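In my numbering, the protein residues as written are 318 to 528. Every residue, glycine too, gets a C-beta built ideally from N, C-alpha and C. All figures in this text were calculated on a predicted structure; none of them were measured in a lab. Written below as structure tokens is the structure these notes are about.
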Ligand code: AP5
């Protein structure tokens, strides 16, 4: 199954994608995580993406599409995949179609802006594997290290409140129109993402028919 997790920054896309990825044994592809890795390694695409990511703007389509195309060509995507954070613009969605990639379902996590601000102010991320946590809603078992790999937990630079505001504006202006795009194709499913992680997971699995 080829799935897109769609929604504003901090909606819970990464959290739910991780759960579904384990259930279906298919990889999650997060363009945000790939960009952060490229920035850390100072690759050419990382260097060109850095100022956009730091300010909460979208990285130019050609850079993100190039990164994604290479990743989707890898062997582990042959039996399905989850896209987290891609597409974010109509040209990105069209690029997927040009690659002959069939999307089965787009799961749109519906969360208010107020909740987003609260969630992102408490988010922590594993510096090694990128797994997301929340100090209040989804804390790591031992309080300070990643449950999955024991890595150090850090605060993402773009979770600074001013940058969160800018990311939300970018989402409403440039990404939200994609909902109508996928609705018109009959593959958009809206999920209430406002409640606890477990509630959203229940709704997500039901929408995928894998309760
Ligand atoms: P990206 O990394 O994709 O960030 P994002 O879309 O802004 O989403 P987040 O990762 O912040 O949130 P999420 O929805 O995954 O939520 P999470 O599960 O972590 O992109 C970063 C940047 O890269 C962009 O700003 C842009 O510059 C660039 N970029 C990436 N893709 C691009 C593209 N396609 N085109 C152009 N530029 C691109 O949850 C958030 C927090 O809430 C966590 O702490 C979690 O534990 C907690 N939480 C989750 N669910 C719940 C719940 N139900 N209740 C309570 N807490 C919850």
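Take every Cβ of the segment 427-444, pair it with every Cβ of the segment 471-482, and state whether three or more of those distances are shorter than 8 Å. yes
Given a cut-off of 8 Å, decide if residue 376 and residue 356 are closer than it, judged by their beta-carbon atoms. Residue 356 sits at position 39 when you count from the first residue of the chain shown. Residue 376 sits at position 59 when you count from the first residue of the chain shown. Not closer than 8 Å, so no.
I need the straight-line Cα distance from residue 403 to residue 361, nearest angstrom please. Taking the chain shown and counting its residues from 1, one reaches residue 403 at position 86. Taking the chain shown and counting its residues from 1, one reaches residue 361 at position 44. Distance between the alpha carbons of residue 403 and residue 361: 20 Å.
From the DSSP output, in three-state form, read off residue 429 for me. Taking the chain shown and counting its residues from 1, one reaches residue 429 at position 112. If DSSP states are grouped into helix, strand and coil, residue 429 belongs with coil.
Neighbourhood of residue 380 by C-beta, 8 Å cutoff - its chain only, sequence neighbours within 5 removed: Counting from one through the chain shown, the residue named residue 380 turns up at place 63. Cβ within range, chain order: 362, 365 and 366.
Helix, strand or coil for residue 476? Go by DSSP, reduced to three states. Indexing the chain shown from 1 puts residue 476 at position 159. In this structure, residue 476 counts as helix in the three-state DSSP scheme.
Which residues mark the beginning and the end of the alpha helix (DSSP H) in which residue 332 is found? As a first step, residue 332 is located in the chain shown; it is residue number 15 there, counting from the start. Where residue 332 is concerned, the enclosing alpha helix (DSSP H) stretches over 330-341.
Residue 462 CB to nearest heavy atom of the ligand AP5 below 7 Å: Position 145 of the chain shown, counted from the start, is the residue given in the question as residue 462. It does not: the Cβ of residue 462 is nowhere closer than 7 Å to a heavy atom of the ligand AP5.
Less than 8 Å between the C-beta atoms of residue 484 and residue 331, yes or no? In the chain shown, the residue the question calls residue 484 occupies position 167. In the chain shown, the residue the question calls residue 331 occupies position 14. No, the pair does not count as a contact, with Cβ atoms beyond the cut-off.
Taking only heavy atoms of the ligand AP5 into account, decide whether any of them is closer than 7 Å to the Cβ of residue 449. Residue numbering aside, residue 449 sits at position 132 when the chain shown is read from its first letter. Indeed, a heavy atom of the ligand AP5 lies less than 7 Å from the Cβ.
Coarse secondary structure for residue 443, derived from DSSP in three states: Reading the chain shown from its first residue, position 126 is the one you call residue 443. Here residue 443 sits in strand by DSSP.
How about residue 347: is its Cβ closer than 7 Å to a heavy atom in the ligand AP5? Within the chain shown, residue 347 is the residue found at index 30, counting from 1. Flag set: Cβ of residue 347 near the ligand AP5.
Within a Cβ cutoff of 6 Å, which residues of the same chain sit near residue 349, ignoring the five residues on either side of it in sequence? One-based indexing of the chain shown puts residue 349 at position 32. Correct list, in chain order: 402.
Are there any heavy atoms of the ligand AP5 lying less than 7 Å away from the beta-carbon of residue 475, as far as the coordinates show? Within the chain shown, numbered from 1, the residue matching residue 475 stands at position 158. Flag set: Cβ of residue 475 near the ligand AP5.
From what residue to what residue does the alpha helix (DSSP H) around residue 356 run? Position 39 of the chain shown, counted from the first residue, corresponds to residue 356. Segment 348-358, the alpha helix (DSSP H) holding residue 356.
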